[in-house]
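**Q** Handing you this structure, nothing more for now.
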Amino acid sequence: MPEHQAAVPPSTGGVQVSLDALPVSRLEEAVLAITARMDELRAAAAEQRLRADGLERQVAAFEQQLAIAEAKLAVETMHSAGLAAQASHLLAVAVEAGVPALQKLIGGDEAGEVPKGRLAQIYDEAFDAKGADLGIEEPGRFREA
1 MPEHQAAVPP STGGVQVSLD ALPVSRLEEA VLAITARMDE LRAAAAEQRL RADGLERQVA
61 AFEQQLAIAE AKLAVETMHS AGLAAQASHL LAVAVEAGVP ALQKLIGGDE AGEVPKGRLA
121 QIYDEAFDAK GADLGIEEPG RFREA
């Protein structure tokens, strides 16, 4: 671009005019208009940054909620696996002709001690196996939760 046609002031309607031909007042108006527009753009950019920061905080909160929900779902999935294993075992036992005594099945004895019964063992094994499938280390720590 030639030296004197480096810019087209906004008030010229897009027509290129030599800057030497413009009166100083018109140049001052153009500078003021450009400065005002730059201030507007800076304010808009600052507003966008504030909105982006707010959205980032909201995303972080949602990610935390999702992580908690996923952890709860994993525990419920393991619990479901334990219950399903118990139910399957009960059905298998009921089909057999020689059903063991209920006390042996659910645990407990006359001395007041409550050892783990067969169903509790089945539940624990299925719970832990499902936890391992889900990639959870030491799933047994969630069993009592």
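Numbering-wise (UniProt numbering), the sequence shown opens with residue 1 and increments by one. Backbone N, C-alpha and C fix where the C-beta goes; we use that ideal spot for every residue, glycine too.
Are the stretch 63 to 77 and the stretch 130 to 140 in contact at 8 Å, needing three or more beta carbon pairs?
**A** Because the criterion of three Cβ pairs below 8 Å is met, the stretch 63 to 77 and the stretch 130 to 140 touch.
**Q** Using 8 Å as the cut-off, can you tell me whether the stretch 47 to 54 makes contact with the stretch 114 to 128, which would need three or more C-beta pairs spanning the two stretches below that distance?
**A** No: fewer than three Cβ pairs fall under 8 Å.
**Q** Taking Lys130 as part of the alpha helix (DSSP H), name the residues at either end of that continuous run.
**A** The sequence position of residue 130 within the sequence shown is 130, counting from 1. First-last of the alpha helix (DSSP H) with Lys130: 118 to 133.
**Q** Grab me the residues of Lys130's own chain with a C-beta within less than 7 Å of its C-beta, minus the 5 sequence neighbours each way, in chain order.
**A** Counted from its first residue, the sequence shown places residue 130 at position 130. Cβ neighbours of Lys130 beyond the five flanking positions: Thr77, Met78, Ala81.
**Q** Check whether the Cβ atoms of Phe127 and Arg141 lie closer than 8 Å to each other.
**A** Sequence index remark: in the sequence shown, residue 127 carries index 127 (1-based). Sequence index remark: in the sequence shown, residue 141 carries index 141 (1-based). Cβ atoms of Phe127 and Arg141: not closer than 8 Å.
**Q** For Pro139, is the classification buried or exposed, using 16 other Cβ atoms within 10 angstroms of its Cβ as the cut-off for buried?
**A** What you label residue 139 is simply residue 139 of the sequence shown in a count that begins at 1. Looking at its Cβ environment, which holds 16 or more other Cβ atoms inside 10 Å, Pro139 is buried.
**Q** Run through DSSP, which three-state label would Ile34 get?
**A** Here residue 34 corresponds to residue number 34 of the sequence shown, with the count starting at 1. Note: Ile34 maps to helix in three-state DSSP.
**Q** So is Gln64 buried or exposed if we call it buried at 16+ other beta carbons inside 10 Å?
**A** Position 64 of the sequence shown, counted from the start, is the residue given in the question as residue 64. With fewer than 16 other Cβ atoms within 10 Å, it is exposed.
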